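There are 2 protein chains.
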Amino acid sequence: MPLARELARYALGEKLTGIPAVAQHEAVRALLNWTGCAVGGSRHAAVERAIAALLPFSAGPHCSLLGRRERVDALHAALVNGMSAHVLDFDDTHLRTLLHPSVPVASTLLALAERQPMSGPAFLLAFLIGVEIECRIANAVWFAHNSHWYITGTAGVFGAAVACAKALGLTEQQTVHALGIASAQTAGTREMAGTMTKSFIHGRAAQNGLLAALLAQQGFTAAESSFEGPHGFVNVLAPQRDLAAITAGLGTTYEILQNSYKPFACGVVAHPVIDACIQLRNAHRLRAADMERVALVVNPRALELTGIQSPPTGLKSKWSIYHSAAVAVVDGAAGEQQYTDARVNDPVVRALRERVTAIPDAKLSEIEARVSITLRDGTIVSKHVERVIGSVENPMSDRDLEEKVRGLAHGILSPQRSAAMISTCWAVADLEDIATLARAATPD
Amino acid sequence: MPLARELARYALGEKLTGIPAVAQHEAVRALLNWTGCAVGGSRHAAVERAIAALLPFSAGPHCSLLGRRERVDALHAALVNGMSAHVLDFDDTHLRTLLHPSVPVASTLLALAERQPMSGPAFLLAFLIGVEIECRIANAVWFAHNSHWYITGTAGVFGAAVACAKALGLTEQQTVHALGIASAQTAGTREMAGTMTKSFIHGRAAQNGLLAALLAQQGFTAAESSFEGPHGFVNVLAPQRDLAAITAGLGTTYEILQNSYKPFACGVVAHPVIDACIQLRNAHRLRAADMERVALVVNPRALELTGIQSPPTGLKSKWSIYHSAAVAVVDGAAGEQQYTDARVNDPVVRALRERVTAIPDAKLSEIEARVSITLRDGTIVSKHVERVIGSVENPMSDRDLEEKVRGLAHGILSPQRSAAMISTCWAVADLEDIATLARAATPD
Numbered sequence: 011m012p013l014a015r016e017l018a019r020y021a022l023g024e025k026l027t028g029i030p031a032v033a034q035h036e037a038v039r040a041l042l043n044w045t046g047c048a049v050g051g052s053r054h055a056a057v058e059r060a061i062a063a064l065l066p067f068s069a070g071p072h073c074s075l076l077g078r079r080e081r082v083d084a085l086h087a088a089l090v091n092g093m094s095a096h097v098l099d100f101d102d103t104h105l106r107t108l109l110h111p112s113v114p115v116a117s118t119l120l121a122l123a124e125r126q127p128m129s130g131p132a133f134l135l136a137f138l139i140g141v142e143i144e145c146r147i148a149n150a151v152w153f154a155h156n157s158h159w160y161i162t163g164t165a166g167v168f169g170a171a172v173a174c175a176k177a178l179g180l181t182e183q184q185t186v187h188a189l190g191i192a193s194a195q196t197a198g199t200r201e202m203a204g205t206m207t208k209s210f211i212h213g214r215a216a217q218n219g220l221l222a223a224l225l226a227q228q229g230f231t232a233a234e235s236s237f238e239g240p241h242g243f244v245n246v247l248a249p250q251r252d253l254a255a256i257t258a259g260l261g262t263t264y265e266i267l268q269n270s271y272k273p274f275a276c277g278v279v280a281h282p283v284i285d286a287c288i289q290l291r292n293a294h295r296l297r298a299a300d301m302e303r304v305a306l307v308v309n310p311r312a313l314e315l316t317g318i319q320s321p322p323t324g325l326k327s328k329w330s331i332y333h334s335a336a337v338a339v340v341d342g343a344a345g346e347q348q349y350t351d352a353r354v355n356d357p358v359v360r361a362l363r364e365r366v367t368a369i370p371d372a373k374l375s376e377i378e379a380r381v382s383i384t385l386r387d388g389t390i391v392s393k394h395v396e397r398v399i400g401s402v403e404n405p406m407s408d409r410d411l412e413e414k415v416r417g418l419a420h421g422i423l424s425p426q427r428s429a430a431m432i433s434t435c436w437a438v439a440d441l442e443d444i445a446t447l448a449r450a451a452t453p454d
Numbered sequence: 011m012p013l014a015r016e017l018a019r020y021a022l023g024e025k026l027t028g029i030p031a032v033a034q035h036e037a038v039r040a041l042l043n044w045t046g047c048a049v050g051g052s053r054h055a056a057v058e059r060a061i062a063a064l065l066p067f068s069a070g071p072h073c074s075l076l077g078r079r080e081r082v083d084a085l086h087a088a089l090v091n092g093m094s095a096h097v098l099d100f101d102d103t104h105l106r107t108l109l110h111p112s113v114p115v116a117s118t119l120l121a122l123a124e125r126q127p128m129s130g131p132a133f134l135l136a137f138l139i140g141v142e143i144e145c146r147i148a149n150a151v152w153f154a155h156n157s158h159w160y161i162t163g164t165a166g167v168f169g170a171a172v173a174c175a176k177a178l179g180l181t182e183q184q185t186v187h188a189l190g191i192a193s194a195q196t197a198g199t200r201e202m203a204g205t206m207t208k209s210f211i212h213g214r215a216a217q218n219g220l221l222a223a224l225l226a227q228q229g230f231t232a233a234e235s236s237f238e239g240p241h242g243f244v245n246v247l248a249p250q251r252d253l254a255a256i257t258a259g260l261g262t263t264y265e266i267l268q269n270s271y272k273p274f275a276c277g278v279v280a281h282p283v284i285d286a287c288i289q290l291r292n293a294h295r296l297r298a299a300d301m302e303r304v305a306l307v308v309n310p311r312a313l314e315l316t317g318i319q320s321p322p323t324g325l326k327s328k329w330s331i332y333h334s335a336a337v338a339v340v341d342g343a344a345g346e347q348q349y350t351d352a353r354v355n356d357p358v359v360r361a362l363r364e365r366v367t368a369i370p371d372a373k374l375s376e377i378e379a380r381v382s383i384t385l386r387d388g389t390i391v392s393k394h395v396e397r398v399i400g401s402v403e404n405p406m407s408d409r410d411l412e413e414k415v416r417g418l419a420h421g422i423l424s425p426q427r428s429a430a431m432i433s434t435c436w437a438v439a440d441l442e443d444i445a446t447l448a449r450a451a452t453p454d
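Here the protein sequences line up with chains Y and C, keeping their order. Count along the first sequence from 1, then add 10; that gives the number in the working numbering. Count along the second sequence from 1, then add 10; that gives the number in the working numbering.
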């Protein structure tokens with residue numbers, strides 16, 4: 011059986027009652043985190059400029075843009091909410107593959123839900139299915155694939171397509187075609203790191219998935235062999251792959267349990283360093299003026315992905331482990347305020363950033379880092395983080411997540427509105443209409 | 011200088027007066043052929059289903075859909091006109107790379123022209139620039155690239171983006187960003203051959219290019235190194251490449267002179283066989299009942315791309331050199347009527363198709379084929395086509411092209427309307443407003 015058909019059959023057969031409560035709760039946590047990120051990113055210049063370009067092409071004020079007053083059609087809502095949920099690089103991460111699971115799936119489902127009624131449980135089920143399938147496809151291809159592609163732009167579009175297929179009630183054949191149409195839109199090269207186009211790639215995965223499902227609903231056809239065919243997704247975009255990972259344990263194990271939420275607003279591979287720096291700063295009451303140099307030892311992928319030494323902009327600084335270490339030591343934080351153009355050009359941050367060195371060590375895992383800070387008086391303080399905060403092994407608590415989301419909504423939503431949004435997220439399984447959440451996440 | 015900047019500088023500096031008259035005339039021929047294909051494809055089920063899915067998402071009746079009465083916004087017009095211009099596989103071909111140059115560039119420019127006034131000469135200039143740049147990028151990457159990707163989906167989007175950048179009057183920096191945003195949308199795997207999604211990939215290249223230019227116009231940013239960067243378009247999508255081909259002779263030689271127009275409605279690599287079969291049929295007054303078997307000797311790429319032996323559908327039969335040979339001998343033609351589901355299932359065609367054999371011979375060029383037909387009485391008749399009709403070396407005349415376009419418009423436009431559309435195409439250099447052409451190509 012073609013893989014696309016096997017996945018379609020799973021998606022259409024899956025029921026919420028068959029999914030463990032712990033996985034369902036993780037989906038609610040992911041939804042809360044996504045909602046906060048979308049609201050928090052909604053005033054970013056990338057989002058402002060995209061809206062300026064796209065508003066003349068919106069069919070009508072059908073759907074909410076989280077954190078904003080404009081309303082647009084569902085295809086544009088999927089794109090723009092996806093962009094704002096990702097633009098701060100603060101969204102969730104499937105750590106094994108570096109896929110950001112919620113952006114493609116939640117952005118497109120919530121947009122669809124404002125076009126046709128969708129209950130909270132129906133949303134949760136479609137969301138879980140979309141996340142499951144995109145993560146499994148990511149598991150199959152991430153090896154060599156990730157050095158070239160943004161995997162959320164390539165694998166994420168399948169999650170969006172299949173979630174919409176489930177929510178729209180497509181037939182198995184239509185769902186197979188939706189996956190094929192999605193595969194014709196897998197795109198997004200990593201050269202776009204640190205530019206607005208990175209968030210566009212992520213939002214576009216959401217929009218492309220919805221478009222695929224809408225076309226398939228009308229009988230639009232695609233190849234059934236879209237995954238494993240000789241010129242299909244896997245052979246073209248993944249020189250190394252593990253096809254069996256796509257279906258092994260399907261319906262039994264749930265990838266949402268491997269999801270993680272960022273405490274810091276930058277590339278996840280830099281987080282162990284930030285965690286160590288903040289702990290050192292707080293434990294030793296370090297001040298910028300006291301420090302001579304900072305030495306990092308990290309997993310090689312951290313340097314590969316966040317190796318920019320002198321970031322020219324705030325967006326680029328999210329991909330600089332040097333900048334992340336500097337702000338973590340100077341500010342004791344690595345929130346959105348640490349990745350602005352102003353912070354990048356701050357003389358104190360810049361001076362310390364130039365005295366950060368980093369070396370790769372393949373013996374360290376990706377959730378691990380060693381940091382040594384040499385003070386001007388010759389003292390050396392060191393920290394070995396073995397399981398970074400925010401990892402699956404050391405997760406943010408529900409309260410941590412709430413605090414993060416409250417911070418993201420600050421200045422955009424009123425405190426009352428923010429509280430209502432958070433409680434609406436937690437209550438998603440009881441909502442008669444998930445569109446309630448979209449309205450709760452927009453300003454009064 | 012980054013390649014994107016070099017291309018942007020060329021595009022913004024180029025003037026119509028600097029382009030040889032022969033290249034300008036070839037652009038007009040390409041426009042005529044594109045217009046005919048878009049009208050001819052406008053009633054295909056792929057187009058009908060796409061419109062059914064997309065009409066609810068159109069911002070308004072701003073732009074024409076060629077051959078149809080519905081009107082949609084510019085982004086949707088670029089997509090749908092691009093799809094209908096390609097869906098019959100009858101559009102133009104840059105033979106060296108197998109890029110279809112006009113679909114991305116003309117579809118997006120004509121849509122844009124109904125949004126803001128654009129003179130015929132301004133259209134021609136932007137069209138020539140878009141075609142030039144997409145063909146040069148295709149020249150750089152087609153080697154190994156084409157075995158995996160539809161090059162119109164990958165290289166074509168750059169042509170659409172830069173043509174729109176020129177037409178919109180973007181700055182050099184905005185044009186660089188438009189090329190970068192375009193590079194984040196290069197997509198389309200070859201697994202979609204013979205499905206509706208193949209035409210979607212081609213139309214999407216047009217739409218994606220327009221979207222890139224509209225975003226860039228608002229200051230949306232992308233990487234300048236989108237082509238040659240370590241994770242950029244070339245390194246990710248082209249394992250073998252010839253980067254120098256992108257700029258060698260830029261502004262001096264014109265790729266539009268390497269463009270060709272199909273006399274037959276199928277994959278261009280099958281055309282030499284069709285040409286030979288029709289010539290044999292006519293010369294020897296062959297009838298289906300007389301023939302025992304048909305033996306083809308072809309360039310290897312013809313078998314690689316059109317090697318389907320028993321096509322299940324009309325769309326798939328465009329990729330069957332066996333079906334093409336059978337209908338060419340039986341019908342003496344290979345127009346759209348030869349690639350329908352009905353013709354695929356016709357007992358006479360099917361019986362002969364099963365008696366067609368093909369072998370590759372690397373000594374034959376791609377515009378060459380040998381065909382031998384053995385008759386039931388033992389007679390063998392043979393033909394060696396050295397330069398297929400429709401190739402650059404043996405082009406369709408202006409009158410041939412007119413006849414092809416008239417045939418495509420038959421039954422969709424009135425004869426008067428069809429004649430007006432054709433004369434409007436020929437007069438493009440004198441048009442005050444190119445939108446005149448869009449209106450001429452829709453039914454009364």
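Note that beta-carbon positions come from the ideal geometry of N, C-alpha and C, so glycine has one too. As the structure is a prediction and not an experimental result, all values here were calculated from the model.
- request: Just list the alpha helix (DSSP H) runs in the region 26-86 of chain Y, keeping only unbroken ones of 4 residues or longer that don't cross its boundaries, in chain order.
  value: Entirely contained in the region 26-86 of chain Y, the alpha helix (DSSP H) runs reaching 4 residues are, in chain order, 31-50 and 55-64.
query: Can you list, in chain order, the residues of its chain whose CB lies under 6 Å from that of Ile288 (chain C), leaving out five sequence neighbours each side?
result: Once the five neighbours on either side are set aside, the close Cβ partners of Ile288 (chain C) are Ala338 and Gly342.
message: At the level of alpha carbons, what is the spacing between Lys326 (chain Y) and Gly261 (chain C)?
response: A straight-line Cα-Cα distance of about 35 Å links Lys326 (chain Y) and Gly261 (chain C).
message: Tell me the DSSP secondary structure of Val246 (chain Y) in three-state form.
response: Val246 (chain Y): helix per DSSP, three-state reduction.
task: Taking Ile191 (chain C) as part of the beta strand (DSSP E), name the residues at either end of that continuous run.
output: Segment Glu182 to Ser193 is the alpha helix (DSSP H) holding Ile191 (chain C); no beta strand (DSSP E) there.
field: chain Y contact residues for Ser428 (chain C), given Cβ-Cβ distances below 8 Å
entry: Within 8 Å Cβ-Cβ: nothing; Ser428 (chain C) doesn't reach chain Y, min ~29 Å.
Start-to-end residues for the beta strand (DSSP E) that takes in Val366 (chain C): Where Val366 (chain C) is concerned, the enclosing beta strand (DSSP E) stretches over Val366 to Pro370.
- request: Taking only the alpha-carbon atoms, compute the straight-line gap between Ala88 (chain C) and Leu224 (chain Y) and give it to the nearest angstrom.
  value: For Ala88 (chain C) and Leu224 (chain Y), the distance between alpha carbons rounds to 18 Å.
message: Spatial neighbours of Pro109 (chain Y) within its chain, please: C-beta separation below 7 Å, excluding the five flanking residues on both sides.
response: Note on identity: in this sequence residue 109 (chain Y) is Leu, with Pro being the wrong assignment. Result list for Leu109 (chain Y): Glu144, Cys145, Ala148, Ile161, Thr162, Ala165 and Gly166, in chain order.
- request: Please name the residues in the region 295-324 of chain Y whose beta-carbon is closer than 8 Å to at least one beta-carbon of chain C, in chain order.
  value: Within the region 295-324 of chain Y, no residue places its CB atom closer than 8 Å to a CB of chain C.
message: Give me, in chain order, the residues of the same chain whose beta-carbon lies closer than 8 Å to that of Asp440 (chain C); leave out the 5 immediate sequence neighbours on both sides.
response: Closer than 8 Å at the Cβ level, and outside the excluded window around Asp440 (chain C), lie Gly130.
query: Quick one: which chain C residues come within Cβ less than 8 Å of Trp159 (chain Y)?
result: By Cβ distance, chain C contributes Val246.
Secondary structure of Lys9 (chain C), DSSP reduced to three states: Past the edges of chain C, shown from 11 to 454, lies residue 9 (chain C), and the structure says nothing about it.
query: Does any C-beta atom of chain C lie closer than 8 Å to the C-beta of Gln227 (chain Y)?
result: Closer than 8 Å: yes.
Ranges of the alpha helix (DSSP H) found wholly within the region 105-143 of chain Y, counting only runs of at least 4: Taking 4 residues as the minimum length, the alpha helix (DSSP H) runs contained wholly in the region 105-143 of chain Y are 112-123, in order along the chain.
query: Where are the beta strand (DSSP E) runs, 3 residues long or more, that stay fully inside the region 290-360 of chain Y, in chain order?
result: Scanning the region 290-360 of chain Y for uninterrupted beta strand (DSSP E) segments of 3 residues or longer gives 301-308, listed from N- to C-terminal end.
message: Considering only the alpha carbon of each residue, which of Y:Gly213, Y:Leu313 and Y:Ala222 lies closest to Ala192 (chain Y)?
response: Ranking the options by Cα distance to Ala192 (chain Y), first place goes to Y:Ala222.
- request: Determine the closest residue to Arg297 (chain Y) out of Y:Arg386, Y:Leu447, Y:Ser401 and Y:Glu376, with distance taken between C-alpha atoms.
  value: It is Y:Arg386.
message: Which residues does DSSP list as the beta-bridge partners of Arg380 (chain Y)?
response: The bridge partners DSSP lists for Arg380 (chain Y) are Y:Val307 and Y:His394.
message: Taking only three categories from DSSP, how would you classify Ser209 (chain C)?
response: Residue state for Ser209 (chain C) is assigned as helix, using DSSP reduced to three classes.
message: Against chain C, does Gly46 (chain Y) count as a neighbour if the rule is that its beta carbon must be under 8 Å from one of theirs?
response: No - not a single Cβ of chain C is within 8 Å of the one on Gly46 (chain Y).
message: Is it buried or exposed, Val340 (chain C), if we count other Cβ atoms within 10 angstroms and call 16 or more buried?
response: So Val340 (chain C) ends up on the buried side.
task: Using the Cα positions of Ile377 (chain C) and Tyr271 (chain C), report the straight-line distance between them to the nearest angstrom.
output: When rounded, the distance between both Cα atoms is 13 Å.
query: When the Cα atoms are used, what is the spatial distance from Gln184 (chain Y) to Thr452 (chain C)?
result: When rounded, the distance between both Cα atoms is 31 Å.
message: Going by the DSSP bridge assignment, what does Trp159 (chain C) pair with across the sheet?
response: Per DSSP, C:Thr199.
- prompt: Grouping DSSP H, G and I as helix and E and B as strand, with all else coil, what is Thr164 (chain C)?
  reply: Shown here, Thr164 (chain C) sits in a helix according to DSSP, grouped into three states.
For Val49 (chain Y) and Glu58 (chain Y), the rounded distance between their alpha carbons: Cα-Cα distance, rounded: 13 Å.
task: Kindly indicate which three-state DSSP category His420 (chain Y) falls into: helix, strand or coil?
output: Of the three classes helix, strand and coil, the one that applies to His420 (chain Y) here is strand, per DSSP.
- prompt: Using the C-alpha atoms, what's the distance from Phe133 (chain Y) back to Gln34 (chain Y)?
  reply: In a straight line, the C-alpha of Gln34 (chain Y) is about 11 Å away from that of Phe133 (chain Y).
- prompt: Can you name the residues of chain C whose CB is closer than 8 Å to the CB of Ile331 (chain Y)?
  reply: Those do not exist, as Ile331 (chain Y) stays about 18 Å from chain C at its closest Cβ, beyond 8 Å.
field: Member of Y:Leu17, Y:Arg39, Y:Glu16 and Y:Lys25 whose CA lies at the smallest distance from the CA of Pro405 (chain Y)
entry: For the options Y:Leu17, Y:Arg39, Y:Glu16 and Y:Lys25, the alpha carbon positioned closest to that of Pro405 (chain Y) is the one of Y:Arg39.
Closer than 8 Å at the beta carbon, the chain Y residues around Thr185 (chain C): Against chain Y, a Cβ distance below 8 Å from Thr185 (chain C) picks out nothing, because the smallest value is about 14 Å.
- prompt: Since Phe230 (chain Y) meets chain C, which of its residues come closer than 8 Å, beta carbon to beta carbon?
  reply: Simply Ala56, Arg59, Ala60, Ala63, Met206, Thr207 and Phe210.
query: So is Leu418 (chain C) buried or exposed if we call it buried at 16+ other beta carbons inside 10 Å?
result: Looking at its Cβ environment, which holds 16 or more other Cβ atoms inside 10 Å, Leu418 (chain C) is buried.
task: Just confirm the distance between the C-beta atoms of Ala275 (chain Y) and Leu76 (chain Y), as a whole number of angstroms; I'd bet it's less than 8 Å.
output: The Cβ separation is near 17 Å, so there is no contact.
C-alpha distance - Ala95 (chain C) paired with Thr118 (chain C), whole-angstrom precision: Approximately 12 Å between the Cα atoms of the pair.
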